[in-house]
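In the working numbering, the protein residues as written are 6 to 279. Cβ coordinates follow ideal geometry from the N, Cα and C atoms, glycine included.
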Amino acid sequence: MTFTAQAPEQTPGPSASSSRRRRAPSTRPRNVVVALAAGAALIAGVVFALRDDGGNGTARAADPSTPPPDAISATSRPSPSSRADSPATATGVFVTAKSSGAVIGEGSDLRRYKVQVENGTGIDPKRAAAEIAAVLADKRGWTGDGRHSFQLVSDGPSDFEVKIATPDTVDKICGAVGLDTHGEVNCDAGTQIMVNLKRWNTGSPEFSGPISGYRALIINHEVGHRIGRGHETCPGKGERAPVMMQQIYGLKGCVANEWPYDRDGEYIGGPAVP
Numbered sequence: 006m007t008f009t010a011q012a013p014e015q016t017p018g019p020s021a022s023s024s025r026r027r028r029a030p031s032t033r034p035r036n037v038v039v040a041l042a043a044g045a046a047l048i049a050g051v052v053f054a055l056r057d058d059g060g061n062g063t064a065r066a067a068d069p070s071t072p073p074p075d076a077i078s079a080t081s082r083p084s085p086s087s088r089a090d091s092p093a094t095a096t097g098v099f100v101t102a103k104s105s106g107a108v109i110g111e112g113s114d115l116r117r118y119k120v121q122v123e124n125g126t127g128i129d130p131k132r133a134a135a136e137i138a139a140v141l142a143d144k145r146g147w148t149g150d151g152r153h154s155f156q157l158v159s160d161g162p163s164d165f166e167v168k169i170a171t172p173d174t175v176d177k178i179c180g181a182v183g184l185d186t187h188g189e190v191n192c193d194a195g196t197q198i199m200v201n202l203k204r205w206n207t208g209s210p211e212f213s214g215p216i217s218g219y220r221a222l223i224i225n226h227e228v229g230h231r232i233g234r235g236h237e238t239c240p241g242k243g244e245r246a247p248v249m250m251q252q253i254y255g256l257k258g259c260v261a262n263e264w265p266y267d268r269d270g271e272y273i274g275g276p277a278v279p
């Protein structure tokens with residue numbers, strides 16, 4: 006799902022030509038009942054609070070059933086095959102993956118990017134770079150629009166950086182530009198895509214697939230913002246959720262999906278979110 010420090014890079018969703026066509030009385034004493042009701046309300050309040058700031062969308066402190074502000078994107082909860090040993094803090098020092106690759110895609114709009122990992126996270130930079138490159142190279146990814154291409158670089162100029170960091174470090178970097186990530190979510194600040202280690206390792210409550218699929222959703226959603234895509238919503242019950250939908254806040258009848266295009270090259274879109 007994108008915390009943005011700058012003016013949001015969101016544009017209306019794809020045009021109609023590139024989008025898919027939408028388709029028995031209780032015998033308990035009254036005081037016990039009251040106590041149970043109060044306890045249930047307290048639990049509901051806690052659950053509500055926990056859902057306030059997670060998601061593959063925009064971090065916020067508001068009702069998660071409504072679209073969040075256009076300032077931040079986010080991503081939240083364990084999914085199958087996820088790791089639970091993510092440290093909350095580390096060194097704050099980043100290592101750039103010493104990996105470079107060929108240009109991916111045939112589009113004329115080339116975006117060069119670096120992959121950087123915080124020391125102490127337990128994440129191997131080279132392996133992370135390979136996983137991210139594979140997501141961007143997939144035919145169901147953003148190169149499917151015929152306009153964009155990507156290249157992994159280890160030095161020299163780049164258009165953006167994908168940084169995997171502990172929750173504390175994400176909070177510090179995002180907080181420096183006025184974004185509150187609550188130790189839970191990702192953010193998009195300037196040219197930095199900040200990926201919260203907890204999300205990278207444990208996934209989201211709305212995504213039941215393997216962790217590799219959820220990581221693809223993180224990358225595709227955030228890179229979608231990098232290339233100017235705005236948020237979208239579910240096009241109809243039973244259809245695949247657009248990758249630019251803030252799926253963490255609920256699928257609204259759609260099925261979780263991590264790719265912007267299907268295997269036939271058709272865009273998996275939905276109505277644009279104002």
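- Here T126 is near L202, since their CB atoms are less than 8 Å apart.
- If the five residues before and after A246 are omitted, its C-beta is found closer than 7 Å to the C-beta atoms of C239, Q252, L256, C259, V260, A261, N262, all from its own chain and listed in chain order.
- Beta-bridge partners assigned by DSSP to T101: Q121.
- Rounded to the nearest whole angstrom, the C-alpha separation of Y266 and W147 is 8 Å.
- According to DSSP, Q156 shares a beta bridge with R117.
- DSSP lists R245 as the bridge partner or partners of V260.
- For the options R204, I137, D269, the alpha carbon positioned closest to that of K144 is the one of D269.
- Straight across, the Cα-Cα distance linking L222 with A139 is about 13 Å.
- In the structure shown, E237 falls within a strand segment according to DSSP collapsed to helix, strand and coil.
- Residue range 197-201 is occupied by the beta strand (DSSP E) that includes I198.
- Spanning the alpha carbons of T96 and G161 requires a straight line of approximately 24 Å.
- With a beta-carbon spacing of about 21 Å, E136 and V98 fall beyond the 8 Å limit used to define contacts.
- Taken atom to atom, the span from the alpha-carbon of P130 to that of H230 is near 23 Å.
- In the three-state DSSP reduction, V182 falls in the coil class, being neither helix nor strand.
- Taken atom to atom, the span from the alpha-carbon of K242 to that of S159 is near 43 Å.
- Under DSSP, Y272 shares a beta bridge with Y266.
- Nearest to A170 by alpha-carbon distance, out of P215, F155, R204, is R204.
- CA-to-CA, the gap between A277 and A93 works out to about 35 Å.
- If you draw a straight line from the Cα of M249 to the Cα of I109, it comes to about 21 Å.
- Counting along the chain, E166 sits inside no alpha helix (DSSP H); it lies in the beta strand (DSSP E) bounded by residues 165-170.
- By the criterion of a C-beta distance shorter than 8 Å, Q197 is surrounded in its chain by F165, E166, K168, I178, once the five residues flanking it on both sides are discounted.
- Taken atom to atom, the span from the alpha-carbon of S163 to that of S104 is near 13 Å.
- Distance check between G218 and each of R116, G112, L141 places L141 closest, using alpha-carbon atoms only.
- Here DSSP, grouped into helix, strand and coil, assigns I109 to strand.
- Under DSSP, A277 takes part in a beta bridge, and its partners are E237.
- Around the Cβ of G208, a 10 Å sphere holds 16 or more other Cβ atoms; the residue is buried.
- In this structure, A134 sits near V120, with a CB-CB distance shorter than 8 Å.
- If you draw a straight line from the Cα of G151 to the Cα of R117, it is about 17 Å long.
- With respect to the 8 Å criterion, I224 and H153 are not classified as neighbours on the basis of their beta carbons.
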